[in-house]
Amino acid sequence: MRLGPYELSSNLFLSPLAGYTNLPMRETLREIGGLGWATTDLVNARSLLERNATALKLVATSPADRPLAIQLFGSVAEEMRDAAAMCESMGAQSIDINMGCPVRKVVKIGGGSAMMTELDKTAALVREMISAVKIPVTAKMRLGWDDDNLTAPDLARVLEGVGVAAIFVHGRTRAQGFSGRVNLAGIRSVVGAVRNIPVIGNGDVTTPEAAKHMLDETGCTGVSIGRGAFYDPWIFRRTDHYLRTGELTPEPGFTERVRVLRRHFDRYVAFYGEEHGARLFRKVAPWYAKRFGPAKSFKRRIITISSRADFEAALAEYLAWRAPFCDERGELRPKFQPAPMVASFMAEDDGGAGRSSIPVPKGPVEVW
Ligand SMILES: Cc1cc2nc3c(=O)[nH]c(=O)nc-3n(C[C@H](O)[C@H](O)[C@H](O)COP(=O)(O)O)c2cc1C
7 MRLGPYELSS NLFLSPLAGY TNLPMRETLR EIGGLGWATT DLVNARSLLE RNATALKLVA
67 TSPADRPLAI QLFGSVAEEM RDAAAMCESM GAQSIDINMG CPVRKVVKIG GGSAMMTELD
127 KTAALVREMI SAVKIPVTAK MRLGWDDDNL TAPDLARVLE GVGVAAIFVH GRTRAQGFSG
187 RVNLAGIRSV VGAVRNIPVI GNGDVTTPEA AKHMLDETGC TGVSIGRGAF YDPWIFRRTD
247 HYLRTGELTP EPGFTERVRV LRRHFDRYVA FYGEEHGARL FRKVAPWYAK RFGPAKSFKR
307 RIITISSRAD FEAALAEYLA WRAPFCDERG ELRPKFQPAP MVASFMAEDD GGAGRSSIPV
367 PKGPVEVW
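FYI, in my numbering the residues of the sequence shown are 7 to 374.
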């Protein structure tokens with residue numbers, strides 16, 4: 007698929023996940039393959055202009071980390087424009103604008119993004135950003151505030167008119183938070199509202215089949231995956247293969263999961279320093295462990311690490327504990343293996359609480 011001037015290697019995108027989709031994670035996922043495009047965590051436009059150290063860390067990138075969009079957040083037109091220009095001068099391929107709730111009442115109580123309440127004002131702000139840069143500008147939104155205010159189609163139509171290069175839409179309303187299932191009909195209505203630009207669907211994709219289902223049901227051009235990439239960093243590669251060939255490749259085995267876990271950890275240490283990196287990795291490793299099979303002791307231990315030695319010791323202890331359940335390749339014998347991931351649309355009767363539902367990581371997620 008194309009996005010603005012770029013021909014992408016796949017139509018699979020990494021959704022921004024504040025606190026997770028940092029350079030180490032993006033490089034790890036890109037190395038595995040199948041990922042066509044990634045976006046940074048949300049970055050405050052003003053903080054970036056002030057060269058705040060945290061903001062600069064969020065936009066840190068590398069030659070392997072391409073194509074990359076920087077996601078900006080803000081409501082002051084001049085700041086958004088100048089921050090967009092700054093991102094372009096730093097080498098970003100694109101700017102993504104985080105558009106929270108588009109309804110006035112959210113802003114009145116101080117939440118959401120004021121820029122979304124007035125279509126005209128938003129259009130003017132986005133127009134100004136677009137005219138300040140040569141790289142494409144995209145927008146990421148939810149379906150609207152609640153079921154009575156599904157404003158995404160209107161907003162998408164207006165933004166296309168202003169020159170936005172693509173729309174990312176998470177198929178839930180803000181009122182929904184992360185509950186229920188993603189609304190594919192809602193995404194389809196955004197696809198129907200724009201004329202030429204790609205719409206990238208997002209929400210609840212944890213398997214290759216779920217990605218295909220979203221593409222088929224909504225007509226979206228690409229699929230963006232967030233939490234599914236924590237569970238299964240191989241999801242982009244497996245999904246890309248499935249979409250191209252119809253063939254479902256097996257999930258990676260334990261040895262491969264541990265290899266990639268280490269790569270991810272090494273990058274954390276290189277990027278954040280040993281102690282800080284190890285501490286931050288406490289919230290990453292348990293996601294890998296979810297697909298290890300029995301791993302209670304590892305999960306308990308890994309959330310206490312403060313150094314590389316701690317990491318290695320936790321892993322070594324776990325490998326030793328696990329060995330009796332494994333075959334000669336180091337893989338769990340069949341009766342101990344975790345159940346395969348099931349796409350939520352294929353498990354209609356689990357009430358959203360079964361193995362197909364995706365937990366929401368800790369953090370200020372109510373604002374997404
Ligand atoms: C921990 C967390 C952090 C998030 N951070 C961002 C963010 O910085 N910017 C954004 O636009 N969306 C953010 N989101 C929303 C995701 O990009 C995505 O739209 C949502 O998780 C649904 O996709 P998924 O079901 O594939 O995870 C975040 C979600 C989570 C769970």
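In this text, a Cβ means the ideal position worked out from N, Cα and C, and glycines have one as well. In this text the structure is predicted, and so the values were computed from the model without any measurement.
Rounded to whole angstroms, A284 and D71 show a C-alpha spacing of 22 Å.
In the DSSP assignment, the residues bridged to D102 are Q77, T144. Taking the Cα positions, D160 is about 7 Å away from A199. L14 carries a coil assignment under DSSP once its states are collapsed to helix, strand and coil. Per DSSP, the beta-bridge partners of N208 are H176, S230. Around the beta carbon of G177, 16 or more other beta carbons sit within 10 angstroms, so the residue counts as buried. DSSP places V49 in the strand class (E or B) of the three-state scheme. R273: member of the alpha helix (DSSP H) spanning 260-278, first to last residue.
DSSP lists no beta-bridge partner residue for R243. In the three-state DSSP reduction, F287 falls in the helix class (H, G or I).
If the five residues before and after G299 are omitted, its C-beta is found closer than 7 Å to the C-beta atoms of L338, F342, Q343, P344, all from its own chain and listed in chain order. Cβ-Cβ separation between L18 and F242: approximately 5 Å, consistent with a contact (criterion under 8 Å).
By alpha-carbon distance to D126, the top candidate from G167, N28, L156, D154 is G167. In terms of Cα proximity to T67, the closest of R133, A181, I136, M96 is M96. According to DSSP, A44 shares a beta bridge with L20, L74. When beta bridges are read from the DSSP output, R194 appears opposite no residue.
Not one heavy atom of ligand 1 lies closer than 7 Å to the C-beta of L161.
By alpha-carbon distance to E37, the top candidate from N189, P239, R87, K146 is P239.
Short of 8 Å from the beta carbon of E257, and not among the five residues preceding or following it, lie these beta carbons of its own chain, in chain order: D238, W240, R244, R297, P346, M347. G192 has its Cβ no nearer than 7 Å to any heavy atom of ligand 1. Residue pairing for L9: DSSP places it in a beta bridge opposite Y12. Put simply, of A83, E33, F277, W151 the residue whose alpha carbon is nearest the alpha carbon of T45 is E33. Residue environment analysis places A171 among the buried positions, since at least 16 neighbouring C-beta atoms fall within 10 angstroms of its C-beta. In this structure, V211 keeps its C-beta atom at 8 Å or more from the C-beta atom of V205.
Within the same chain, and ignoring the five residues on either side of F260 in sequence, the residues whose Cβ sits closer than 7 Å to its Cβ are F298, G336, E337, L338.
The beta carbon of G207 is closer than 6 Å to those of I193, M220, T224, C226, V229 in its chain, skipping five residues each way along the sequence.
Distances from the CA of F304 to each of Y324, E281, V65, F184 were compared; the closest alpha carbon is that of Y324.
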